[in-house]
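**Student:**
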Amino acid sequence: MTGQRLSGKRALVTAAGQGIGRASAIAMAKEGAQVFATDVNMDALSTIRGANLENIEIFELNVRDDQSVSEGIARAKPDILFNCAGFVHHGAVLEAQDDELEFALDLNVRSMVRTMRAALPVMIENGGGSIVNMSSAAGSVIGAPNRFIYGMTKAAVVGMTKSVAVDYIKQGIRCNCICPGTVESPSWHDRVTELGEQLGDYDKAMEQFVSRQPMGRVASAEEIAALVVYLASDESGFTTGHAHVIDGGWSGQ
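Taking the numbering used here, the leading residue of the sequence shown gets 412, the next gets one more, and so forth.
What follows is the structure, given as structure tokens:
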């Protein structure tokens, strides 16, 4: 079923090759947006053509490269920016390596600074826009075990989301972030497999991830995408500067 909640909007999505990014690109296209789905992995991104939606355009974009970001924003001229690119590191602070810190800060935080810097002038000139940043329940919302680097960077996303929201509210810009719990995706399955190898028991690893959510299951990417669509749409026109938790009750325990 398709709708028109985003009719006339132009949306740029990063990390749209799989998981939440892919589901969100498809969901926004189904709601009438002209979607520019981007990723560094063109093989993964090309699978989005299987959705058979004419209003999705795909192209390569490296969020860690200033020129690639500038060219992508110039091509898309977005009213909606969904910053979904990120990486999950495992380990506590004593295990955090400097190269891992630098990589995570660049991909999970600075990449969003790049895209917002490039997109904000376009949005302001067009009279406004909606920015949705991907944060996590693991960070400023709740402490998750062995997620020091990830939690640190995702807490930073909440902070800069609130900063952008307050600085540009008078220019018609809304900026929110989403804080999911565990979400089923290819990258999550990779983490379960990795933990299973460490524990010597895949089922035990799966149970550890699933049991964090009181609902007894993980979220689907489409459930997160529904919130992305809402925050991108005019339905959330009075909402800005907030971290929206969608974690199956994890942080409420």
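Glycine is no exception: its CB is placed at the ideal position from the N, C-alpha and C atoms.
Within its chain, find whatever has a CB closer than 6 Å to the CB of S547; leave out the 5 residues flanking it on each side and keep chain order.
**Tutor:** Residue 547 sits at position 136 when you count from the first residue of the sequence shown. The answer, listed in chain order, is K565, C590.
**Student:** Taking Cβ to Cβ, would you say F498 is nearer than 8 Å to A515?
**Tutor:** Locating residue 498 in the sequence shown gives position 87, where the first residue counts as 1. Locating residue 515 in the sequence shown gives position 104, where the first residue counts as 1. Yes, these two residues count as a Cβ contact at 8 Å.
**Student:** On the premise that I584 lies in contact with I431, defined as a C-beta separation below 8 Å, what is that separation, rounded to the nearest angstrom?
**Tutor:** By one-based count along the sequence shown, residue 431 stands at place 20. By one-based count along the sequence shown, residue 584 stands at place 173. I431 to I584, Cβ: 22 Å. No contact.
**Student:** By Cβ distance, which residues of its chain are closer than 8 Å to M412, with the 5 residues on each side in sequence left out?
**Tutor:** The residue you call residue 412 lines up with position 1 of the sequence shown. Since pLDDT at M412 reaches only 46, below the 50 mark, its modelled position is unreliable, and the value read off the structure follows with that caveat. Only K441 meet the Cβ criterion.
**Student:** Count the other C-beta atoms from every protein chain shown that fall within 10 angstroms of the C-beta of N463, then say buried if there are 16 or more, exposed otherwise.
**Tutor:** Taking the sequence shown and counting its residues from 1, the one referred to as residue 463 is at position 52. Of the residues assessed, N463 falls on the exposed side of the cut-off, its CB having fewer than 16 other CB atoms within 10 angstroms.
**Student:** For a test of the three-state rule: what should DSSP assign to S647, helix, strand or coil?
**Tutor:** The residue labelled residue 647 in the question sits at position 236 within the sequence shown. S647 falls in the helix class under three-state DSSP.
**Student:** Which whole runs of the alpha helix (DSSP H) in the segment 572-600 are 4 residues long or more, in chain order?
**Tutor:** none
**Student:** Evaluate the contact criterion for the segment 622-635 versus the segment 513-529: three or more CB pairs, one atom per stretch, below 8 Å.
**Tutor:** no
**Student:** Compute the distance between the beta-carbons of A426 and I467, then report whether it is under 8 Å.
**Tutor:** Sequence index remark: in the sequence shown, residue 426 carries index 15 (1-based). Sequence index remark: in the sequence shown, residue 467 carries index 56 (1-based). Result no, Cβ atoms of A426 and I467 do not sit closer than 8 Å.
**Student:** Please determine, among Q664, A616, N587, S598, the residue with the shortest C-alpha to C-alpha distance to V639.
**Tutor:** Taking the sequence shown and counting its residues from 1, one reaches residue 639 at position 228. Checked all of Q664, A616, N587, S598; the closest Cα to V639 is N587.
**Student:** Using the three-state DSSP reduction, which class does M412 fall into: helix, strand or coil?
**Tutor:** Numbered from 1 along the sequence shown, position 1 holds the residue referred to as residue 412. For M412, the predicted model reports a pLDDT of 46, less than 50, meaning its position is unreliable and no value from the coordinates is stated.
**Student:** Have a look at S541 and A654 and give me their C-alpha separation to the nearest angstrom.
**Tutor:** Numbered from 1 along the sequence shown, position 130 holds the residue referred to as residue 541. Numbered from 1 along the sequence shown, position 243 holds the residue referred to as residue 654. Their backbone Cα atoms lie some 14 Å apart in a straight line.
**Student:** What ranges does the beta strand (DSSP E) occupy inside the segment 449-516, keeping only unbroken runs of at least 3 residues that lie completely in it?
**Tutor:** 467-471, 491-494
**Student:** Between G550 and the rest of its own chain, which residues show a CB-CB distance below 6 Å, the 5 nearest in sequence each way excluded?
**Tutor:** Within the sequence shown, residue 550 is the residue found at index 139, counting from 1. Cβ neighbours of G550 beyond the five flanking positions: G562, K565, A566.
**Student:** Straight-line CA distance for S647 to R558?
**Tutor:** Here residue 647 refers to the residue found at position 236 of the sequence shown. Here residue 558 refers to the residue found at position 147 of the sequence shown. Straight-line Cα distance between these residues: approximately 31 Å.
**Student:** Are the segment 604-614 and the segment 573-583 touching, with three or more C-beta to C-beta distances below 8 Å?
**Tutor:** No: fewer than three Cβ pairs fall under 8 Å.
**Student:** Would you kindly check if the distance between the Cβ of A444 and the Cβ of R421 is under 8 Å?
**Tutor:** Position 10 of the sequence shown holds residue 421. Position 33 of the sequence shown holds residue 444. Cβ distance < 8 Å, so R421 and A444 count as in contact.
**Student:** Which whole-angstrom value is the C-beta distance of A438 and E633, which I expect to be below 8 Å?
**Tutor:** Locating residue 438 in the sequence shown gives position 27, where the first residue counts as 1. Locating residue 633 in the sequence shown gives position 222, where the first residue counts as 1. With 8 Å as the limit, A438 and E633 qualify as a contact, their Cβ atoms being about 7 Å apart.
**Student:** Tell me which residues share the same chain as Q415 and place their Cβ nearer than 8 Å to its Cβ, disregarding the 5 neighbours each side in the sequence.
**Tutor:** As a working note, residue 415 is residue 4 in the sequence shown. If the five residues before and after Q415 are omitted, its C-beta is found closer than 8 Å to the C-beta atoms of E442, G443, all from its own chain and listed in chain order.
**Student:** Would you mind giving the Cβ-Cβ distance between V446 and V480, rounded to the nearest angstrom? I have them listed as a contact below 8 Å.
**Tutor:** Looking up residue 446 in the sequence shown gives position 35. Looking up residue 480 in the sequence shown gives position 69. Not really, about 17 Å apart at Cβ, beyond 8 Å.
**Student:** Helix, strand or coil: how does DSSP classify A444 here?
**Tutor:** In the sequence shown, residue 444 corresponds to position 33, counting from 1. A444 falls in the coil class under three-state DSSP.
**Student:** Cα separation between F649 and L642?
**Tutor:** Sequence index remark: in the sequence shown, residue 649 carries index 238 (1-based). Sequence index remark: in the sequence shown, residue 642 carries index 231 (1-based). Rounded to the nearest angstrom, the two C-alpha atoms are 10 Å apart.
**Student:** Out of E511, V552, V504, which one is the CA nearest neighbour of V656?
**Tutor:** In the sequence shown, counting from the first residue as 1, residue 656 sits at position 245. That would be V552, whose Cα lies nearest to the Cα of V656.
**Student:** Which residues bound the alpha helix (DSSP H) around A410?
**Tutor:** Here the chain has residues from 412 to 664 only, and residue 410 is not among them.
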